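Undergrad: Please see the structure below; I have some questions.
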Amino acid sequence: MNRRPFPAVEGAPLLVAHDLRTSFATPRGVLHAVDGLSLAVLGGRTLGIVGESGSGKTVLGRSLMNLISARNSSQTGSVRYRGVELQGRSVREMVHVWGVEVSMVFQDPMTSLNPTLKIGEQLRESLWYHLGMRRRELHETALALLRSVDIPDAAHRLGAYPHEMSGGMRQRVTIAIALACGPRLLIADEPTTALDVTVQRQILDLLQREQRDRAMGMILITHDLGVVAGRTQDIAVMYAGRIVERASTRQLFRQPRHPYTEGLLRSIPRLRNPPHARLQVVPGQPPDLVGLGPGCAFAPRCRHAQDRCLTERPALVATGIEHEYACFFPIGSAEGTAALERNIAAGVNAAGTPLSDVSAAVVG
Amino acid sequence: MRAVARKIPPLVATLLAVSFLTFLLTSLLPGDPAEQILGPQSATPERLAAVRADLRLDDPLPVRYVRWLGDAVTGDLGRSYRTGQEVRVAISERLPVTLQIGGMAIVFALIAAVPLGMISAYRAGGPVDRAVTGMSFGLLAVPSFMLAILLILVFAERLGWVDATGWTRISEDFGLNIKGALLPAASLAVGELAVYTRLLRSDMIGTLQEDYITLARAKGMPTFWILLRHALRPSSFSLLTVVGLQVGAIITGSVVIETLFALPGVGRLLVDSIFQRDLVMVQGIALVVAVSYVLVNFAVDLAYTYLDPRVRRGRATASV
Amino acid sequence: MAAQLLQSERLEAPSTLGRLRRSRGLLFWLAVGWLVTVVVCAVFATVLPVPDPIRPKVSAKLSTPSVGYPFGADGLGRDILSRLVHGARVSMVVSLTAVSIGMILGGILGICAGFFRGWLDTVLMATVNVILAFPGLVLLLVLLAYVGQSLTVISLVIGFLSIPVYTRVARANTLAVAQREFVLAAHTMGASRLRLLIREIAPNVVLPVAAFGLVATGVVIVLEGTLAFLGLSVEAPAPTWGGMIAEGKRHLSEAPHVALVPSAAMFLTVLSLNFVGDVLRRSFDVRGSNL
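Residue numbers (the numbering used here), protein chains in the order written: chain A, 1 to 364; chain B, 1001 to 1320; chain C, 2001 to 2291.
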C-alpha cells in the first residue's frame, strides 16, 4: 500500500480552519455559504460534517481545499494544513497540495470522471505528475490502486471508459484517484448520496478501511446522520453556513444539545418503531443564505426559540469535555427545558411557528 | 462498426439525390451543346442533328442522367465541348492548388484559434478575453476579398515582400510556392480564425464548469494540462463540425480568392467555365463539389465517435 | 388551482418591449445610427446633393479626397461619395429583398415543420438537407450567368436559395418554443392548434428568426461583393459597393482609397448588422435562454 514514510501523528491537528467565510455574489445579493466557521481535523481520525442540503457543506468542503474559483466569490479566514496557511495561495502553489496532501472524493460519480479519457489515463496522470512514476511502475501502481478499491477485473478496466461502468464502480475509481498519491487528508463530499443503498455501505466501508490502513485524517460530509454514526470519531453539525454543535460522535448521539441536532436525530427512522409510525421531520425549510437576519439562523424552526434567539446570534460555547454548541436554550439545561415548556404552552415559538404536536418521546 | 454501416444507406441516398439535382439543374440551362461544338459558322441544321444524334443529346432526361452517373462513377466526367480536355484531367490538375490554399488556411486558423479560444475561455471576462472577443467580432465583418485587398496593399504593394499574383507549383520550387500561397491562405484564414475562436471559447466555457474539471484540479494537475488534456477534447464538437463544413466546401470557398489572386485552382476553373458556357465542365465540377461536401460531412459524423467515446458503442452503457 | 399556478409562475410569454428596453450600450446605438444613415442614403440617393455617380470625368481621375470630392474620385473620375450613396441603394435592395423572401417563405415552412411534425416535417427536412448539401454558390453563379445580372434577378435568386437555411432556423426555434411552459399552459386550457400557432408560437419564433435575418443581411451584402469580384454583380456603370472595391483593386498601388473607402463602408455596415443582430438574438433567442 502507498504508505508514507512518516505517517501523520494520530491525534495531531491536520487541518485547522478558523473563522472561515465564503460568500458568492449573486443577482439577488451576497450569499454567505460559509459564515464564520471554525473546525479542526485530527490525523488518523474522521470528522463527520452533517447538514441539510442548503447548509453550505459542499461549499465548505471546497473552501477548505481552496478550490473555490475566485470569480464572483470571496473567501476569508484561515485554513491551516499542518501549520501551513492555505488561504491566499496561488494555483501554482496549491498544485503541490491538491492530490498529494489533501484529496477530495466528489458526490456524483456520473459527472466527476472525464468521459473522453480512459480510466487508466485518469488514474495515472497524477501518479506521473506528482510522483514522477514512469511506464511499468505507473501501470502496476494503477493496477494495484484499482484492486485495492475492490474493482474486479482491474486490468481490463484500466482501458475502459467511465460510461462503461456502473455508478458504484465509478465512485470506487474516484476514490482510487483521490488516494493515488497517498494524501494525509481525504475530504469525502457526500460520497454515497448518488448511489444505491446497497452500494452505499460498500463504499463507506471501503473509505473507512482505507483511512485506517493509510492512517489518514478524513472529513465525511453528509446529510445523513446514519452514515456518520459508526464511522466517525467526531461530528460537527452544520446549519446555514455555521457550526451549531460539535462533539465526539458518542457524545452527540447520547446527549445532543442543540435543538437542530435533536431534530436530526429524531428524524432517523428506527427499525424498532411500530409500523406506520410517523416520520419525524424538522419542520420548515433551510433558510435562504442571502440576507440572513441577526439572530440564530435556526430560530424559525426551533422548538426552544425565545425572543433572544431572534435578535442575538449564539456563539459556540464549550462545555467540559470536547463538546461545543451554539444555543442559548440548549437541551438538557434548565433554561432550555423552561423555554420548551413555555413554547409548548403557547403553542408557538418566538418566531410564531406552531410547534408540531408530536412529543419528543418518540426517540427510543 | 454496426453504427457506421447503418449510416451508409442514407449517405448513398443523399449522394444520389444530390447528383440528380446537379444533373437536372445544369441540363436545364439554355445553350445548345451541339452548337458549341460546331461553332456558329458550321452549325447547319443537318450537322446539328448529326451531332445531337451522335451524342445522344435527345434522349429523355432520366436516361441521360443514368448514363452520365454511370460514367461519373467510373471517373469519366466527360469531355469539355469547348476545350476538348477531359473534365477529370482538368479538375485533377487544379485540385492540388485549391486544396493547398484551403488546407493551409484551415491549419493557420486552427493553430491560432486553439490557444486563443482556450485562454479566452479560461479567463472569460478578463482583458485577454475581451480583446480577443472584440477582435473576432470585428474580423467576422471582414470578407475574405476585402482582407485580400488589404494584404495585397500592405505586403505586395507597399512592402514588396510577395507578388500579388502568380503561382509556382510545389514540384518546381517549394519556397516560391509557399510564398505565393501565403497571401491567399491568410485571406481565408483570418475569417475562419474568428469563427473558430468564438466556437471553441463558447464550448470550452461550458466544459470548464463540469465536475470532472474540478476533480482534475483537486488532483493537483496543473492548469495547462487540464486545459489541453481534459477540456479541449470535449469542447471540440462545434469546431469539428465547422471545420468539416469548410473542408467539404473548400472549392466553393476559394472561388473568389483564386479569381483575385489569379490562381490555377478548381474554383477559378468553375467561374471560367460558367462564363464560357462550358456545360460539361460545369456539370463535372458541380458534381465533384457536391459529392465531396456530402462525403466530408459523413467523415465528420464518423469523427464524432472518436472524440466522444460514449457515442462509439452505440450507447451500450452498463446498468447501475 | 390552474389559475393559481398561472399566477405564481411566469407562464405568460415574456413581453417583447420589456426585453428590448433593457439598457443597451453606446455601441449599440452607434451601430443603429450607422444603419439608419445607410438606409437614408439608399432611399434618398437621388435627391441628395451629390454629383452624378455615373458620368465619368477624366480630369478628376483618381483624385485623393479634397473639398470637391470628399472621398476622392475613382478611376473614371466619378465622385466616390456619390457612388457610395447610390451603391447603398443596391446593397440595401438586394439584401432586404433576399432576406425578406428567405425569412417569410423559409420561416413559414420552418414553423409548419416544427409545429406539425409528422410526415410534413420529415419530407421538408429531407428536402432541405438535400438542397443544402448542394453547393449553393455554384447554383447562384450558374443562374446569374445564364439568366441575367439585373438587380431583380440577383435579389430573387439569392432570396430563393436562402429559404432552406431559414427553414432550419425557424424550425429549431419552433421546436424549442413549443415546449415552453406558456405554450403548454395554453394548450392545456384548450386552445386550438391554429390558435396556439398564431398567438403563442409564431410571435416568439419571429423574433429570433428576425435577429438571424439581420446578420444574414450582412452576409448578402458581402455576397454581392463576392459576385462583383467574379463579374456577376449588377452591371457597370451602376455603382455597387462590391463593384467599387473590385474596380479599386486595379488602382491599389497608386490610389488605394478607391478600394478602401467602399471597403470601409461595407465593413461598418456588416459590423453594425452583426452587432445589432447579436444583441437582439441574445435577448430573444429561445434556445439559449435559461429562464
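For every residue, glycine included, the Cβ atom is placed at its ideal position computed from N, Cα and C.
Because the structure is a prediction, the values reported are computed rather than measured.
What number of angstroms, rounded off, separates the C-alpha of Arg-2171 (chain C) from the C-alpha of Gly-2110 (chain C)?
TA: So the alpha carbons of these two residues sit roughly 4 Å apart.
Undergrad: Mind checking which residues open and close the beta strand (DSSP E) that includes His-32 (chain A)?
TA: Counting along the chain, the beta strand (DSSP E) containing His-32 (chain A) begins and ends at 29-42.
Undergrad: Could you check whether the region 31-38 of chain A touches the region 91-103 of chain A, counting it as contact only if at least three pairs of C-beta atoms, one from each stretch, sit closer than 8 Å?
TA: They do not touch, by the three-pair rule.
Undergrad: Indicate the three-state DSSP secondary structure (helix, strand or coil) for Asp-2079 (chain C) in the structure shown.
TA: Asp-2079 (chain C): strand per DSSP, three-state reduction.
Undergrad: Does DSSP put Ala-229 (chain A) in a helix, a strand or coil?
TA: Helix.
Undergrad: Identify, in the order they occur along the chain, each residue of the same chain with its Cβ nearer than 6 Å to the Cβ of Arg-2021 (chain C), setting aside the five sequence neighbours on each side.
TA: Reliability fails at Arg-2021 (chain C), whose pLDDT of 47 lies under 50, so the model's placement of it is uncertain and the value that follows must be treated cautiously. Around Arg-2021 (chain C): no qualifying Cβ.
Undergrad: Check this for me: beta carbons of Leu-1077 (chain B) and Leu-1279 (chain B), under 8 Å apart or not?
TA: No, the Cβ-Cβ distance between Leu-1077 (chain B) and Leu-1279 (chain B) is not below 8 Å.
Undergrad: So, Phe-298 (chain A) versus Tyr-325 (chain A), is the Cβ gap smaller than 8 Å?
TA: Cβ distance not < 8 Å, so Phe-298 (chain A) and Tyr-325 (chain A) don't count as in contact.
Undergrad: Report the partner residues of Val-306 (chain A) according to the DSSP bridge assignment.
TA: The sequence given here places Gln at residue 306 (chain A); Val does not occur at that position. Partner(s): none; Gln-306 (chain A) has no beta bridge.
Undergrad: Return the Cβ separation of Val-16 (chain A) and Arg-62 (chain A) in integer angstroms, given the expectation that the two are a contact with Cβ distance under 8 Å.
TA: Actually they do not touch by this definition, with Cβ atoms about 17 Å apart.
Undergrad: In chain order, what residues of the same chain have a beta carbon less than 6 Å from the beta carbon of Phe-2275 (chain C), not counting five sequence neighbours either side?
TA: Around Phe-2275 (chain C): Ala-2031.
Undergrad: Indicate whether at least one CB of chain A lies closer than 8 Å to the CB of Gly-1134 (chain B).
TA: No, Gly-1134 (chain B) lies away from the interface with chain A (no Cβ there is under 8 Å from its Cβ).
Undergrad: Pick out the complete alpha helix (DSSP H) segments inside the region 2183-2269 of chain C, 4 residues or longer, and give them in chain order.
TA: Entirely contained in the region 2183-2269 of chain C, the alpha helix (DSSP H) runs reaching 4 residues are, in chain order, 2202-2229 and 2241-2249.
Undergrad: Rounded to whole angstroms, what's the CA-CA distance from Pro-2239 (chain C) to Pro-1009 (chain B)? Just pull it up for me.
TA: In a straight line, the C-alpha of Pro-2239 (chain C) is about 50 Å away from that of Pro-1009 (chain B).
Undergrad: For chain B, find out if any of its Cβ atoms is closer than 8 Å to the Cβ of Phe-2267 (chain C); answer yes or no.
TA: Closer than 8 Å to some Cβ of chain B, the Cβ of Phe-2267 (chain C) qualifies, so yes.
Undergrad: Figure out for me which residue from A:Asp-189, A:Glu-85, A:Val-173 and A:Arg-71 has the closest Cα to the Cα of Gly-120 (chain A).
TA: When each option's Cα is compared against that of Gly-120 (chain A), the closest is A:Val-173.
Undergrad: Tell me whether the beta-carbon of Leu-1011 (chain B) lies closer than 8 Å to the beta-carbon of Phe-1224 (chain B).
TA: Not a contact, by the Cβ cut-off of 8 Å.
Undergrad: So which residues of chain A does Gly-1244 (chain B) contact, with C-beta pairs closer than 7 Å?
TA: Result: empty, since nearest Cβ-Cβ is about 18 Å, beyond 7 Å.
Undergrad: For Thr-2046 (chain C), does the count of other Cβ atoms within 10 angstroms reach 16, so buried, or fall short, so exposed?
TA: Exposed is the call here.
Undergrad: How far does the alpha helix (DSSP H) with Leu-179 (chain A) in it reach, from first residue to last?
TA: Looking at the DSSP string, the run of the alpha helix (DSSP H) that includes Leu-179 (chain A) is 167-179.
Undergrad: Can you tell me which residues form a DSSP beta bridge with Phe-24 (chain A)?
TA: A:Leu-31 and A:Ser-73.
Undergrad: Mark Leu-2273 (chain C) as exposed unless 16 or more other C-beta atoms lie within 10 angstroms of its C-beta, in which case mark it buried.
TA: It is buried - the Cβ of Leu-2273 (chain C) has at least 16 other Cβ atoms within 10 Å.
Undergrad: Can you tell me whether DSSP reads Leu-316 (chain A) as helix, strand or coil?
TA: If DSSP states are grouped into helix, strand and coil, Leu-316 (chain A) belongs with coil.
Undergrad: Gly-99 (chain A) CB to nearest chain B CB: under 8 Å?
TA: Closer than 8 Å to some Cβ of chain B, the Cβ of Gly-99 (chain A) qualifies, so yes.
Undergrad: Using 8 Å as the threshold, is the region 1267-1276 of chain B in touch with the region 2240-2260 of chain C, meaning 3 or more CB pairs across them?
TA: Segments in contact, no.
Undergrad: Just list the alpha helix (DSSP H) runs in the region 80-149 of chain A, keeping only unbroken ones of 4 residues or longer that don't cross its boundaries, in chain order.
TA: Counting whole runs of 4 or more residues, the region 80-149 of chain A contains the alpha helix (DSSP H) stretches 91-94, 119-131 and 135-148.
Undergrad: In chain order, what residues of the same chain lie with their CB nearer than 8 Å to the CB of Asn-114 (chain A), ignoring the 5 residues before and after it?
TA: Gln-122 and Pro-162.
Undergrad: What are the boundary residues of the beta strand (DSSP E) that Leu-47 (chain A) is part of?
TA: Segment 46-50, the beta strand (DSSP E) holding Leu-47 (chain A).
Undergrad: From Gly-2075 (chain C) to Thr-1259 (chain B), what distance separates their C-alpha atoms?
TA: Approximately 21 Å between the Cα atoms of the pair.
Undergrad: Near Val-105 (chain A), what residues of its chain come up, given a Cβ to Cβ distance below 6 Å and the 5 sequence neighbours on each side ignored?
TA: These residues qualify, in order along the chain: Thr-174, Ile-175, Ala-178, Ala-188 and Pro-191.
Undergrad: With distances taken between CB atoms, is the gap from Ile-2158 (chain C) to Leu-2105 (chain C) smaller than 8 Å?
TA: Contact: no.
Undergrad: According to DSSP, simplified to helix, strand and coil, what is His-18 (chain A)?
TA: It is a strand residue.
Undergrad: Grouping DSSP H, G and I as helix and E and B as strand, with all else coil, what is Arg-157 (chain A)?
TA: Three-state DSSP puts Arg-157 (chain A) in a helix.
Undergrad: Within a Cβ cutoff of 8 Å, which residues of the same chain sit near Tyr-2069 (chain C), ignoring the five residues on either side of it in sequence?
TA: For Tyr-2069 (chain C), where only same-chain residues beyond five positions count, the Cβ hits under 8 Å are Ala-2060, Ser-2063, Asp-2079, Ile-2080 and Leu-2081.
Undergrad: Where do the N-terminal and C-terminal ends of the beta strand (DSSP E) with Ile-68 (chain A) fall, by residue?
TA: No beta strand (DSSP E) holds Ile-68 (chain A); DSSP gives it neither H nor E.
Undergrad: Since Ile-177 (chain A) meets chain B, which of its residues come closer than 7 Å, beta carbon to beta carbon?
TA: In chain order: Lys-1219.
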